[in-house]
Amino acid sequence: MYGITSTLIPRRRSYRSYQRNQRSLSYHQGVECIDFECDDAMSLDEYFVTSTFLNRTTEDTFQLKSKYLIGADGGRSFVRRHAGIPFEGDTSEDQWIRIDGIAETDMPIARAYGAIESETHGNVLWAPLNHGATRIGYAYSANIALKYPDGVTQEVVVQEVITSMKPFKVKFKEVY
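All residue numbers for the sequence shown refer to our numbering, where the first residue is 23 and numbers rise by one.
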């Protein structure tokens, strides 16, 4: 197999790059990579990666050929594991919900890292990101799972963040 290297690129930057170049790229949301192979007989200039994807909505599978496969699927990355790239870092069985975006708030010190003790959500992570963005996260608890048995959508996350941040107000101008 060709030498595989990994590079971390913040999701916000990769998404903005996609938006700028969307005429030349295809983007599939709700799709999961379930397999990929590299054809060692082909040169690096050819589309030597064949990836198999599952559409989670339709349950259909399809294949794409490419020169590159970017695994932007987090610490438990299928792409990273399947490529044999070790995970260097800490792991946890805890599950978190987090949202990144441009948020307006009346919190006194909004551009500093912090944890807010919420009456409804326990510890809420508040972390400033580059370019004025903020990451807000809270534990995916049994109560949240019971409250939303069909899953958590972006709209649910935004509403739960607003609830978790009380008495402070939060309004998202943009969500990544």
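Think of the CB as a built atom: it goes at the ideal place given N, C-alpha and C, for glycine as much as any other residue.
{"query": "Just curious, the alpha helix (DSSP H) that R100 is in, first and last residue?", "result": "The residue asked about is misnamed: residue 100 is Phe in this sequence, not Arg. It spans F100 to H104 - the alpha helix (DSSP H) in which F100 sits, taken as one unbroken run."}
{"query": "Mind checking which residues open and close the beta strand (DSSP E) that includes N145?", "result": "G144 to P150"}
{"query": "Between F58 and T80, how many whole angstroms is the CB-CB distance? I'm expecting something under 8 Å.", "result": "About 20 Å separates the two Cβ atoms, so there is no contact after all."}
{"query": "Based on the DSSP output, what are the partners of D82 in its beta bridges?", "result": "According to DSSP, which records beta bridges pairwise, D82 is partnered with nothing at all."}
{"query": "Short of 7 Å in beta carbon distance, which residues of its chain neighbour N77, apart from the five on each side in sequence? Order them along the chain.", "result": "G52 and V53"}
{"query": "On the DSSP letters alone, give me the boundaries of the alpha helix (DSSP H) that L168 sits inside.", "result": "A164 to K169"}
{"query": "Tell me whether the beta-carbon of I121 lies closer than 9 Å to the beta-carbon of R157.", "result": "yes"}
{"query": "Is the stretch 127 to 145 touching the stretch 161 to 174, taking contact as three or more C-beta pairs under 8 Å?", "result": "yes"}
{"query": "What did DSSP end up calling T72 once you bin it into helix, strand or coil?", "result": "strand"}
{"query": "Taking Cβ to Cβ, would you say P150 is nearer than 9 Å to Y135?", "result": "yes"}
{"query": "Sorted by chain position, which residues of the same chain lie with C-beta nearer than 6 Å to F70's C-beta, five sequence neighbours on each side aside?", "result": "C60, D61 and M64"}
{"query": "Name the residue from R103, G97, D67 and H104 whose alpha carbon lies nearest to the alpha carbon of Y90.", "result": "D67"}
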